[in-house]
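Here is the structure we will look at.
So, in structure tokens, the structure goes:
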């Protein structure tokens, strides 16, 4: 028997497209949740725990903040100690200056006391001449020197002391010792070296030396009247 075979037909229920998308989304969510769970499980299995990591991070953060606070406190203490040391150093320097000033003032007062004591009349003793505060020092200009001294007459002072001064400067030039006399021998009328006083007379002056000459010291000679022999001499070193 021959005949025509009919094709088989399958009947399927039609599904709307949005249901398909919804199913895909649900499947994707399930896959993501599974992946997340597997990831967390893997980290825990490997020894990593997020909560422990968060706790450790918090602990380190707190330790860091504490250390920063301690460093700030120590820095503040160091700054305070440094300021205190600066104040103490400044105070010490001021004290040193005060002690030095008081020492110099005390020495000056002793000199003044000795000076005024020489001016006090002493019984019937004959008056005499004394040299006080004799010094020689460098002046402002190179090769220039300044000297000063104070002459006093002690005792009864029955008359004014009249005379003159003569200075001998000890020098070293080109390795040789030499002297310079003030005033020069041909300067007989040098007014700055004349003496005429009853109680005291201050003397001050300057002199110059050639470059390379070294001043070792200076001697003052007090001559009375026209005498060529000094009544009194005194030496002063360069100060």
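Numbering (the numbering used here), first residue to last: 52 to 290. Glycine is no exception: its CB is placed at the ideal position from the N, C-alpha and C atoms.
Neighbourhood of residue i by C-beta, 8 Å cutoff - its chain only, sequence neighbours within 5 removed
{"i": "residue 179", "result": "204, 205, 206"}
{"i": "residue 281", "result": "217, 272, 273, 274"}
{"i": "residue 278", "result": "214"}
{"i": "residue 283", "result": "180, 181, 182, 272, 273"}
6 Å CB neighbourhood of residue i in its chain, flanking five on each side removed
{"i": "residue 287", "result": "185, 186, 187, 269"}
{"i": "residue 62", "result": "The predicted position of residue 62 is uncertain, since its pLDDT is 49 and thus under 50; a value taken from the coordinates is nonetheless stated next. Hits under 6 Å: none found."}
Coil, strand or helix - residue i by DSSP
{"i": "residue 255", "result": "strand"}
{"i": "residue 235", "result": "coil"}
{"i": "residue 207", "result": "coil"}
{"i": "residue 147", "result": "helix"}
{"i": "residue 181", "result": "strand"}
{"i": "residue 261", "result": "coil"}
{"i": "residue 75", "result": "helix"}
{"i": "residue 244", "result": "helix"}
{"i": "residue 212", "result": "strand"}
{"i": "residue 249", "result": "coil"}
{"i": "residue 192", "result": "coil"}
Option in the options with minimal Cα separation from residue i
{"i": "residue 215", "options": "266, 234, 227", "result": "234"}
{"i": "residue 290", "options": "156, 115, 134, 199", "result": "199"}
{"i": "residue 257", "options": "226, 129, 220", "result": "220"}
{"i": "residue 222", "options": "191, 263, 145", "result": "263"}
{"i": "residue 195", "options": "143, 265, 83", "result": "265"}
{"i": "residue 259", "options": "192, 224, 278, 267", "result": "192"}
{"i": "residue 197", "options": "255, 135, 121", "result": "255"}
{"i": "residue 225", "options": "232, 253, 190, 261", "result": "261"}
{"i": "residue 229", "options": "147, 102, 267", "result": "267"}
Distance CB(residue i)-CB(residue j) smaller than 8 Å
{"i": "residue 246", "j": "residue 213", "result": "yes"}
{"i": "residue 160", "j": "residue 183", "result": "no"}
{"i": "residue 211", "j": "residue 249", "result": "yes"}
Proximal residues to residue i (C-beta, below 7 Å), its chain only, five neighbours per side dropped
{"i": "residue 53", "result": "At residue 53 the pLDDT is 47, less than 50, meaning the model places this residue with poor confidence; the figure from the coordinates comes in the next sentence. Within the same chain, residue 53 has no close Cβ partners at all."}
Any C-beta of chain B under 8 Å from that of residue i
{"i": "residue 267", "result": "The structure shown contains no chain B; it is built from a single protein chain."}
Let me know the alpha helix (DSSP H) ranges lying completely inside the region 263-290, each 4 residues or longer, listed in chain order. Entirely contained in the region 263-290, not one alpha helix (DSSP H) run reaches 4 residues.
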